[in-house]
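Mapping of the sequence shown onto mature numbering (1 follows the signal peptide of the UniProt record, and there is no 0): residues -18 to -1, 1 to 115, in sequence order.
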Amino acid sequence: MKLATAALLLGFVMVAAGEEEEENDPCVYDNLPFEDTGLCKGLDVFYPEVGNVACMFIPDCNNFRHKIAYWMEPIVKFPRALEGATYTLMMVDPDAPSRSEPTKRYWRHWLVTDIKGNDIKKGNIQGQVLTHE
């Protein structure tokens, strides 16, 4: 059976920090709860300053949760992509602006459609970009 289109949902769960973090705070990398990992399993999501954060919370250190708003899109790879398939990649914040008051729940940061399987396998995200500005 041929897979025409598959969708990948990339959710970053960000918790607003109450105070400004120190630059030298120790980084703790916490995984997402198991029930949330189905959406990101098999993805590589790489930010140069943080590393691979697929299926993880953005660490609450070095002011990363503030800085991420200004970084370029991450390098995203899906090594298990099917060569003849097309994919959709969506980066959302499921509890924006904060977990306690998610008034902008599932805020769409980045949306790219029509990504070829060969491209997403290599981290070459090309397609139709429908970013919310």
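All residues carry an ideal CB built from backbone N, CA and C; glycine is no exception.
Cross-strand partners of residue i (DSSP beta bridge)
{"i": "LEU21", "result": "According to DSSP, which records beta bridges pairwise, LEU21 is partnered with nothing at all."}
{"i": "GLN110", "result": "THR95"}
{"i": "LYS81", "result": "First, the residue type needs correcting, since residue 81 is Arg and not Lys in the sequence shown. Its beta-bridge partners do not exist; DSSP assigns none."}
{"i": "ARG90", "result": "VAL74"}
{"i": "ASN13", "result": "MET38"}
Alpha-carbon spacing of residue i relative to residue j, whole angstroms
{"i": "PRO76", "j": "GLY99", "result": "26 Å"}
{"i": "TRP26", "j": "PHE39", "result": "The sequence shown places Asp at residue 26, rather than the Trp named in the question. Going from the Cα of ASP26 to the Cα of PHE39 covers about 14 Å."}
{"i": "ILE97", "j": "GLU17", "result": "26 Å"}
{"i": "ARG87", "j": "MET73", "result": "12 Å"}
{"i": "ASN34", "j": "PHE28", "result": "4 Å"}
{"i": "VAL(-4)", "j": "GLY24", "result": "Because the pLDDT of VAL(-4) is 30, which lies under 50, any placement of that residue in the model is unreliable, and the number read from its coordinates should be weighed accordingly. So the two alpha carbons sit approximately 24 Å from each other."}
{"i": "ASP101", "j": "ASN13", "result": "27 Å"}
{"i": "GLU3", "j": "ARG47", "result": "Unreliable positioning characterises GLU3 in this predicted model, as indicated by a pLDDT of 41, which lies under 50. The coordinate reading is nonetheless provided below. If you take the alpha carbons of GLU3 and ARG47, they lie about 10 Å apart."}
{"i": "PRO8", "j": "CYS43", "result": "6 Å"}
{"i": "LEU21", "j": "LEU71", "result": "11 Å"}
{"i": "GLU31", "j": "TYR69", "result": "26 Å"}
{"i": "GLY105", "j": "TRP53", "result": "17 Å"}
{"i": "SER80", "j": "CYS37", "result": "19 Å"}
{"i": "LEU64", "j": "PRO15", "result": "27 Å"}
{"i": "residue 162", "j": "PHE60", "result": "No answer is possible for residue 162: the residues shown for the chain start at -18 and end at 115."}
{"i": "SER82", "j": "ARG62", "result": "35 Å"}
Candidates the options, of which the one nearest residue i by Cα
{"i": "VAL111", "options": "VAL94, VAL58 and GLY105", "result": "VAL94"}
{"i": "LYS103", "options": "MET54, TYR52 and VAL58", "result": "VAL58"}
{"i": "ALA78", "options": "TRP89, TYR69, LEU71 and THR68", "result": "TRP89"}
{"i": "VAL10", "options": "PRO41, GLY66 and ILE107", "result": "PRO41"}
{"i": "TRP92", "options": "THR85, LEU64 and ILE107", "result": "ILE107"}
Checklist entry - Which parts of the region 21 to 78 are runs of the beta strand (DSSP E), unbroken and 3 residues or longer, counting only runs that do not cross its ends? => result 26 to 29, 57 to 59 and 68 to 75
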